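In the working numbering, the protein residues as written are 54 to 138. Written out below as structure tokens is the structure these notes cover.
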């Protein structure tokens, strides 16, 4: 659980393939997140399109957040920190 007074950012993220991303947070925690269950369960076409591996791989870090296509897809930082998406 994140402390209320902790300012947290994503400082690095790298793809591990198969919709998994290793995320490094500003407090030193590293977590591997598997996005495939979320993407496979999605019904909206704007989310399902990220099942295309080439599109999924185009994530960036913007202002400490992990984002795709100018925030078209992003996740709450606290959820990523806890490993829950």
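For glycine and all other residues, C-beta sits at the position ideal for the given N, C-alpha and C. No experiment lies behind these values; they were computed from the predicted model shown.
How many Å lie between residue i and residue j at the Cα?
i: residue 54; j: residue 80; result: Note that residue 54 has pLDDT 49, beneath the 50 cutoff, so the model's placement of it is unreliable and the number below is only indicative. Answer to the nearest angstrom: the Cα atoms are 13 Å apart.
i: residue 92; j: residue 99; result: 10 Å
i: residue 130; j: residue 76; result: 11 Å
i: residue 125; j: residue 138; result: 16 Å
i: residue 72; j: residue 94; result: 14 Å
i: residue 147; j: residue 116; result: In the structure as shown, the chain begins at 54 and stops at 138. Residue 147 is therefore absent and cannot be evaluated.
Starting from residue i and walking both ways along the beta strand (DSSP E), at which residues does that stretch end?
i: residue 98; result: Here residue 98 belongs to no beta strand (DSSP E); instead the alpha helix (DSSP H) covers 98-101.
i: residue 89; result: From DSSP, residue 89 is part of no beta strand (DSSP E) but of the alpha helix (DSSP H) over 89-94.
i: residue 119; result: 118-121
Please go through the same chain and pick out, in chain order, the residues whose beta-carbon is closer than 7 Å to the beta-carbon of residue i, but skip the five residues on each side of it.
i: residue 68; result: 74 and 110
i: residue 108; result: 102
i: residue 118; result: 63, 127 and 130
Answer with buried or exposed for residue i, where buried requires no fewer than 16 other C-beta atoms within 10 angstroms of its C-beta.
i: residue 82; result: exposed
i: residue 86; result: buried
Flag residue i as yes if its beta-carbon sits less than 8 Å from any beta-carbon of chain D, otherwise no.
i: residue 130; result: The structure shown contains no chain D; it is built from a single protein chain.
Quick one: what's got a C-beta closer than 8 Å to residue i's C-beta in the same chain, skipping five residues either side?
i: residue 134; result: 55, 61, 78, 82 and 84
i: residue 66; result: 74, 75, 76, 77, 112, 114 and 119
Hey, quick one: how far does the alpha helix (DSSP H) through residue i stretch, first residue to last?
i: residue 109; result: 106-109
Note down, in chain order, each residue of its chain lying with its Cβ closer than 6 Å to the Cβ of residue i, except the 5 sequence neighbours on either side.
i: residue 104; result: 92
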